[in-house]
Structures are given as C-alpha cells and as structure tokens.
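*Asks:*
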Amino acid sequence: IDRGKEQVRLLNRLAHSVDGPDGDLDAGEVVALAVALGRRSARLRKVTLDDPAADGPLALHGRAFDLLHVLQRCLGLALAQAKPGGRVEVRAAREEGGVRVRLEIGECVGVGDEAWKAAALEASAAVLGLGGRLDTPAEPGQPGCVSLWRPGAPGAGRA
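With this note's numbering, letter number 108 in the sequence shown gets 110, and the count goes up by one each step, no holes.
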C-alpha cells in the first residue's frame with residue numbers, strides 16, 4: 003500500500019508539472035523525479051536505477067514537464083540497453099554552460115537495430131526540441147551511456 007501511495011504522489015507531481023510555468027528550475031530536482039518515476043520500469047526489467055545527488059543546484063530555464071518528458075525518453079533508451087541484473091546510473095552536473103545528464107549503462111545487451119534507431123530518433127527529437135543535444139552509444143549493445151546536454155539558465159553557473 004505504501005509503495006502505491008508513493009507512486010500516486012509521484013504521478014501527481016508529474017501531472018501538475020504540465021501546468022508549470024516556463025521559468026528557472028533546478029535540473030537536479032527534475033532528474034530525481036524522473037528517476038523516481040522510472041524505478042518501476044527499471045524494477046520490471048530487473049535493472050537497478052541509481053541517481054547520486056548533484057553537487058548543488060543545477061539551474062535551467064524552461065518547463066519541468068518538458069525536461070521530464072525528455073528524461074523519460076532517455077531513461078527508456080538506457081533501460082532498453084541495460085542487461086537484466088545490471089545498473090543504470092543517472093548523474094546530472096554542470097557542463098559547457100549548461101547541464102549534462104548522463105545515464106551510465108553498466109552492462110549492455112543488444113536490442114533490435116530498428117527498435118534502437120526508432121527509440122534513439124524519438125529521444126533525440128525530443129532533446130533537440132528543447133535546444134539540447136543527445137549522445138548515445140555508437141552501436142546497440144555496447145557499454146556506454148545516453149547523455150543529454152541542455153543550455154543553462156541565463157547567468158547560471160557564472161562564478
């Protein structure tokens with residue numbers, strides 16, 4: 003029952019993010035929500051999903067829902083590559099005047115070439131729609147990571 007209540011709470015946060023304004027947000031908080039929402043899918047695939055906390059706030063400008071949508075696509079891509087019993091680690095950090103989210107895939111398995119290309123194309127289109135870029139493993143089944151970069155909020159990260 004408690005697990006069900008937690009899922010409802012997370013889905014409620016997701017549902018309310020649709021109406022959220024375009025503005026400054028903390029990418030670390032959005033990544034944590036995306037990972038929490040993705041844990042059930044990971045569990046069904048017998049994959050451990052980890053998300054070490056970011057070192058401080060990661061400022062982005064945009065809508066939390068848009069970033070959540072892109073992160074869910076990227077998580078789907080990473081989970082499709084992860085070997086059962088394996089691990090996907092999601093890390094968010096400041097990089098190149100923006101924020102990079104890396105989904106490190108421990109041990110990979112191959113997926114059908116067409117399925118991989120279709121999922122990668124959908125994820126990439128979603129990322130590009132936010133003004134970011136997506137890097138994926140060169141070949142299905144190879145160890146690596148799915149990596150998303152997004153420009154930071156104006157004035158963010160300046161020392």
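Each residue gets a CB set at the ideal place from its N, CA and C atoms; glycine is no exception.
Computed from a predicted model, the values in this text were never measured in an experiment.
By Cβ distance, which residues of its chain are closer than 7 Å to VAL2, with the 5 residues on each side in sequence left out?
*Replies:* Because the chain here runs from 3 to 161, residue 2 falls outside it and cannot be looked at.
*Asks:* Please work out which residues of its chain come closer than 7 Å, Cβ to Cβ, to ARG75, disregarding the five sequence neighbours upstream and downstream, and give them in chain order.
*Replies:* If we look at ARG75 and ignore the five residues flanking it on each side, its Cβ neighbours are GLU124, ALA125, ALA128.
*Asks:* Touch check for the stretch 54 to 74 and the stretch 95 to 106: three-plus C-beta pairs under 8 Å?
*Replies:* Result yes; three or more Cβ-Cβ pairs closer than 8 Å.
*Asks:* Return the residue from the list GLY133, ASP137, VAL10, HIS63 that minimises the CA-CA distance to PRO23.
*Replies:* It is HIS63.
*Asks:* Which one or two residues does DSSP pair with GLY64 in a beta bridge?
*Replies:* DSSP output for GLY64 lists GLY25 as bridge partner(s).
*Asks:* For GLU98, which residues of its own chain have a beta-carbon under 7 Å away from its beta-carbon, when the five flanking residues on both sides are left out?
*Replies:* TRP151.
*Asks:* Classify ARG160 as buried or exposed, calling it buried when 16 or more other Cβ atoms lie within 10 Å of its own Cβ.
*Replies:* At ARG160, the pLDDT of 39 sits below 50, so the modelled position is not reliable and the matter cannot be decided from this model.
*Asks:* Tell me the start and end of each unbroken alpha helix (DSSP H) in the stretch 40 to 98 that is at least 4 residues and wholly inside, in chain order.
*Replies:* Here the runs fully enclosed are 66 to 83.
*Asks:* Could you check where the beta strand (DSSP E) with GLY100 kicks off and where it finishes?
*Replies:* Its beta strand (DSSP E) spans residues 100 to 107.
*Asks:* Determine which residues share a DSSP beta bridge with SER149 and list them.
*Replies:* Note: SER149 sits in a beta bridge opposite ARG104, ASP137.
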